[in-house]
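Residue numbers (UniProt numbering): 1 to 376.
Glycine is no exception: its CB is placed at the ideal position from the N, C-alpha and C atoms.
Structure, as structure tokens:
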């Protein structure tokens with residue numbers, strides 16, 4: 001705590017234009033390519049598209065800045081073009097793969113933006129003033145992410161409607177959109193881009209969802225813990241102690257319990273998969289067929305029209321009873337009803353909401369207790 005207070009700007013202090021070097025960092029000679037001048041030059045070129053810094057922003061004036069509608073338009077064209085080109089790739093065959101295309105593209109660029117701001121934060125000696133100023137680049141990336149939230153719901157309604165979860169899809173995207181609107185009105189878009197480092201595990205998750213060969217659960221966990229748990233907690237500490245806007249702490253803290261809960265669900269999923277891999281496979285027993293009627297049960301040569309009819313009906317009934325186990329094994333009306341209702345609903349739920357208790361309860365409803373549940 002004490003070393004940070006010497007290099008971070010307090011709540012009631014004014015940052016200096018030339019901060020002293022941080023005692024926490026060694027004296028480094030960085031090449032010009034690693035300097036932040038490139039990002040600053042981009043900000044300077046597009047500063048005229050922003051409202052003056054001395055003019056307070058409202059929710060209306062925040063989105064009427066010339067840069068905002070320009071970014072929204074360009075982002076819409078780029079994302080739509082990318083989606084319709086990507087779905088033509090031979091590897092994209094299912095709704096699940098299509099539903100992760102926009103997320104893959106967006107999380108990659110937002111993670112890069114977060115790395116840029118983190119570098120500025122580190123290069124400035126962990127001075128909070130490194131990311132408190134509004135800039136065109138950061139506002140543009142924030143508007144780009146807002147465009148993704150809208151297009152993911154709009155395109156998803158047409159191309160992968162069943163994959164949009166009511167909680168993690170509709171509710172999450174709508175709340176996220178209006179939260180970013182508030183962020184822009186408070187001139188805190190650079191802080192949001194810094195927190196976009198949390199999109200790194202989302203990028204890994206999107207890769208594994210598009211192609212199962214690219215799924216690496218341990219890579220996802222290795223990105224999730226440092227970003228969504230450790231770094232998120234670190235930023236909550238920084239904002240609480242040194243940022244002048246206490247509302248940022250409340251907004252950022254609102255999402256932290258959700259990240260902890262998601263990681264808890266991930267751990268439960270990995271434990272369940274490990275038990276499934278270690279459990280021995282159940283033996284597969286072929287269905288037993290009833291024996292055909294013998295000569296003693298029915299005469300081989302009918303002697304009358306009535307006997308001919310009875311023999312024909314007997315043979316047909318035996319054929320149906322013999323083929324029934326092969327055509328529809330264990331398809332009782334009760335199981336069909338459960339498969340068409342409860343099991344279909346549970347199969348579309350996110351993995352973090354699944355549990356063995358729910359699967360066993362559905363099996364008991366179907367009357368197949370003791371039968372292993374098919375992997376989703």
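Count the other CB atoms within 10 Å of the CB of residue i; is the residue buried (16 or more) or exposed (fewer)?
{"i": "residue 1", "result": "For residue 1, the predicted model reports a pLDDT of 42, less than 50, meaning its position is unreliable and no value from the coordinates is stated."}
{"i": "residue 386", "result": "A question about residue 386 goes unanswered here, because the residues of the chain that appear run from 1 up to 376."}
{"i": "residue 366", "result": "buried"}
{"i": "residue 157", "result": "exposed"}
{"i": "residue 230", "result": "exposed"}
{"i": "residue 357", "result": "exposed"}
{"i": "residue 77", "result": "exposed"}
{"i": "residue 183", "result": "buried"}
{"i": "residue 212", "result": "exposed"}
{"i": "residue 201", "result": "buried"}
{"i": "residue 261", "result": "exposed"}
{"i": "residue 89", "result": "exposed"}
Nearest by alpha-carbon distance to residue i: which of the options is it?
{"i": "residue 225", "options": "266, 243, 239, 246", "result": "266"}
{"i": "residue 228", "options": "94, 217, 195", "result": "195"}
{"i": "residue 216", "options": "270, 176, 164, 175", "result": "270"}
{"i": "residue 268", "options": "221, 160, 249", "result": "221"}
{"i": "residue 97", "options": "185, 126, 124, 164", "result": "164"}
{"i": "residue 382", "options": "174, 197, 279", "result": "Residue 382 lies beyond the range of the chain shown here (1 to 376); nothing can be said about it."}
{"i": "residue 223", "options": "179, 276, 167, 263", "result": "263"}
{"i": "residue 351", "options": "66, 272, 247", "result": "272"}
{"i": "residue 209", "options": "170, 258, 95", "result": "95"}
{"i": "residue 206", "options": "67, 99, 53", "result": "99"}
{"i": "residue 377", "options": "90, 254, 355, 261", "result": "Within the shown structure, residues of the chain are numbered from 1 to 376, placing residue 377 beyond reach of any answer."}
{"i": "residue 349", "options": "89, 50, 166, 126", "result": "166"}
{"i": "residue 176", "options": "254, 246, 126", "result": "254"}
{"i": "residue 257", "options": "73, 232, 173", "result": "232"}
Helix or strand or just coil, what does DSSP make of residue i?
{"i": "residue 170", "result": "helix"}
{"i": "residue 76", "result": "helix"}
{"i": "residue 31", "result": "Bear in mind that the predicted position of residue 31 carries a pLDDT of just 39, short of 50, making it unreliable; the figure below should be weighed with that in mind. Correct three-state label for residue 31: coil."}
{"i": "residue 329", "result": "With a pLDDT of 48 at residue 329, under the threshold of 50, the predicted position of this residue should be treated as unreliable, and no value is reported."}
{"i": "residue 232", "result": "helix"}
{"i": "residue 336", "result": "helix"}
{"i": "residue 53", "result": "coil"}
{"i": "residue 63", "result": "helix"}
{"i": "residue 357", "result": "helix"}
{"i": "residue 348", "result": "coil"}
{"i": "residue 69", "result": "helix"}
{"i": "residue 259", "result": "helix"}
{"i": "residue 178", "result": "helix"}
{"i": "residue 199", "result": "helix"}
{"i": "residue 241", "result": "helix"}
{"i": "residue 269", "result": "helix"}
{"i": "residue 87", "result": "coil"}
{"i": "residue 279", "result": "coil"}
{"i": "residue 187", "result": "coil"}
Can you give me the Cβ contacts of residue i inside the same chain, cut-off strictly under 6 angstroms, excluding the 5 residues immediately before and after it?
{"i": "residue 199", "result": "107, 110, 111"}
{"i": "residue 259", "result": "228"}
{"i": "residue 68", "result": "143"}
{"i": "residue 160", "result": "95, 98, 99"}
Would residue i and residue j be called neighbours here (beta carbons separated by less than 9 angstroms)?
{"i": "residue 193", "j": "residue 138", "result": "yes"}
{"i": "residue 136", "j": "residue 61", "result": "no"}
{"i": "residue 155", "j": "residue 203", "result": "no"}
{"i": "residue 114", "j": "residue 71", "result": "no"}
{"i": "residue 153", "j": "residue 181", "result": "no"}
If I measure Cβ to Cβ from residue i and keep anything under 8 angstroms in the same chain, skipping five residues before and after, which residues do I get?
{"i": "residue 79", "result": "102, 105, 106, 147, 148, 151"}
{"i": "residue 81", "result": "none"}
{"i": "residue 219", "result": "204"}
{"i": "residue 362", "result": "338, 342, 343, 346, 373"}
{"i": "residue 214", "result": "207, 208"}
{"i": "residue 49", "result": "65, 66, 67, 70, 136"}
{"i": "residue 333", "result": "none"}
Got a sec? Which residues, its chain only, sit under 7 angstroms from residue i by beta carbon, not counting five neighbours each side?
{"i": "residue 75", "result": "143, 144, 147"}
{"i": "residue 187", "result": "57, 134"}
{"i": "residue 86", "result": "92, 101"}
{"i": "residue 131", "result": "117, 120, 121, 190, 191, 194"}
{"i": "residue 239", "result": "248, 249, 252"}
{"i": "residue 185", "result": "57, 58, 59, 62"}
{"i": "residue 179", "result": "251"}
{"i": "residue 55", "result": "none"}
{"i": "residue 51", "result": "57, 61, 65"}
Nearer than 8 angstroms: is that true of the beta carbon of residue i relative to any heavy atom of the ligand MN?
{"i": "residue 214", "result": "For the structure depicted, the ligand MN is absent and the ligand set is empty, with no information on it obtainable."}
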